[in-house]
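J.: First the structure, which I've put down as C-alpha cells, then a few questions once you've had a look.
Residue numbers (the numbering used here): 1 to 398.
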C-alpha cells in the first residue's frame, strides 16, 4: 500500500511542497514557489533528481502556484499514489491540540485564529481550499505549529495581564515551530540513547524565525515564542523580546502609527535592524569576519539572547540531557553554535571543534559534552515528514 502524502506549507509569500513517503521520509517531488504576489514570482522543483524552474505570471498568488503544482502532479501521474494532502497551519489557538482531518468545523477554527497569525493563516486556508478543489477524493489533514505546545501549564503560558484577556480573548503564549521541536526532540533522544519519555531536552530552531523549547519527557513545557511568532529570540527581521512600554513611546513621542510599529518589529528589526546590512546570517557572518562592527554586534546580541533562553529552560526541566540545534542557522552555522556554547560556561561544555565544523548540510552529531553527561547536538529538522506521518496516521485510523 502507498504511504505517499502531498505536503503543502504555505508561508506569507511562499509555498513549499513535497510528495513524501510517510513510512520512510523519502521524497519523489520537492519544490518551492517564492516571491508570490511580487513581479518575480517563480516555481522551482526537483523531480527524479532533476531540477526545473518556471516563471509564474507577475503578481501570482498562492492559488496560481497551487494550480501549477496540481497540473505538474497530474501530468506526471503522481496523484495515483497519493493517500492524503497534509497542510501546515501556523495558528491553531487552543482549539487544536493535535493534527486533524479537515472538515468545515476545522476550517472555521482556523479562520477564528486569523487575527493571531494574519500573515500565515489566510495563506494556509488558501492552500487548503485549492487542494480540496484539486483533489476532491483525498482526505485533507491540518498539522498545527501550535499543537505541540498545548501541553504547557498555566504558569508557563499565561501573561501577567488581567485574566479576562485570556478568558475572553485567548491572550496567552501559544508557541510555534511545534512540528520541528517535536521531531528534533525525538531524534535527539534516539541519538543520546535515552527514552524520550525520560529525557530533558532543549531544542533551538534557528532560521529566519527562531524559537527555543524545553521538552520534558517528550512534552513541551515552555517555549520562547508567544501569542504571535514575534516574541522571544532575536530573528532575521523580528525583534523578539522588548519592553512593551516602547509602543507608547514610539506612538506618542515619535508619532509612529500602529501599522508602522508592527512593520518595524516584524520586518525591519532583528539581525537586519542591528546590522543595517542583511537579515541573512551567512552574509552577516561574512561581514563580521571582515571587521564590520555592526555585523559583529548583531551576532553578539543574537547569541547572548539565545544563550540566556537556553540557560533559563533548566528551570522547567530540572535537569539537562541535551541541547539540540536545528533550522537553517542551527544546522549550518558552526560560529553561532560555538559562541552560544562559550556563553554557557556554567554548564562546562567541552566543544569538539572538528565535530562542530563537520555538522553541516544535513549531518547530525554530538558536538559537545559536559561532566554531568549532557550533550550538545546538531539535528536536521524535517517538518514536512512530520506532517506526512500525521496525515498517514489519521487516514489509517479512518
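Glycine included, each C-beta is placed from N, C-alpha and C at the ideal position. Small disclaimer: the values here were computed from a predicted structure and weren't measured.
Give, in chain order, every unbroken run of the beta strand (DSSP E) that is at least 3 residues long and sits entirely within the segment 196-241.
T.: Taking only runs of at least 3 residues, the beta strand (DSSP E) segments lying wholly in the segment 196-241 are 200-206, 210-216 and 219-223.
J.: Alpha helix (DSSP H) containing residue 108: first to last residue?
T.: Here the alpha helix (DSSP H) through residue 108 covers 104-112.
J.: Taking DSSP as the reference, what is the three-state secondary structure of residue 360?
T.: Coil, per DSSP.
J.: Kindly indicate which residue of 390, 99 and 27 has the alpha-carbon position closest to the one of residue 47.
T.: It is 27.
J.: Taking 8 angstroms as the threshold, find out whether the segment 97-116 comes into contact with the segment 53-69 through three or more Cβ pairs.
T.: Output reads no: the segment 53-69 does not touch the segment 97-116.
J.: Select from 377, 59 and 247 the residue whose C-alpha is nearest the C-alpha of residue 41.
T.: For residue 41, the nearest C-alpha among the options comes from 59.
J.: How long is the line joining the alpha carbons of residue 71 and residue 7, rounded to whole angstroms?
T.: When rounded, the distance between both Cα atoms is 16 angstroms.
J.: Between the alpha carbons of residue 134 and residue 318, how many angstroms are there, rounded?
T.: Computed Cα separation, rounded: 49 angstroms.
J.: Return the CA-CA distance between residue 177 and residue 218, expressed in angstroms with no decimal places.
T.: C-alpha separation (whole angstroms): 15 angstroms.
J.: Between residue 215 and residue 185, how many whole angstroms is the CB-CB distance? I'm expecting something under 8 angstroms.
T.: Contact holds; Cβ gap of about 4 angstroms.
J.: Counting pairs of Cβ atoms below 8 angstroms between the segment 141-155 and the segment 81-93, do you hit three or more?
T.: Output reads yes: the segment 81-93 touches the segment 141-155.
J.: Where in the segment 17-46 do unbroken runs of the beta strand (DSSP E), each at least 3 residues long, occur, reported from the N-terminal end onward?
T.: For the segment 17-46, whole beta strand (DSSP E) runs of length 3 or above, ordered along the chain, are 27-34.
J.: So residue 261 and residue 271 are in contact, right, with Cβ under 8 angstroms, and what is the actual spacing, rounded?
T.: Wrong, their Cβ atoms sit about 19 angstroms apart, outside the cutoff.
J.: Ends of the beta strand (DSSP E) at residue 326?
T.: Note, residue 326: beta strand (DSSP E), 322-326.
J.: Using three-state DSSP, classify residue 258 as helix, strand or coil.
T.: Residue 258: helix per DSSP, three-state reduction.
J.: CB of residue 219 to nearest heavy atom of the ligand ADP: below 7 angstroms?
T.: Annotation note on the ligand ADP: not contained in the displayed structure, which lists no ligands.
J.: In this structure, how does DSSP classify residue 54 when only helix, strand and coil are distinguished?
T.: It is a strand residue.
J.: Is the beta carbon of residue 320 closer than 8 angstroms to that of residue 338?
T.: No.
J.: Relative to the C-alpha of residue 123, which residue among 61, 167 and 161 is closest?
T.: Answer by Cα proximity: 61.
J.: How would you write the range of the beta strand (DSSP E) that residue 140 sits in, first residue to last?
T.: 140-144 is the span of the beta strand (DSSP E), which, as asked, contains residue 140.
J.: Which class does residue 295 belong to by DSSP, given the choice of helix, strand or coil?
T.: Of the three classes helix, strand and coil, the one that applies to residue 295 here is helix, per DSSP.
J.: Do you know offhand how far residue 257's Cα is from residue 328's?
T.: Looking at the two C-alpha atoms, the distance is approximately 33 angstroms.
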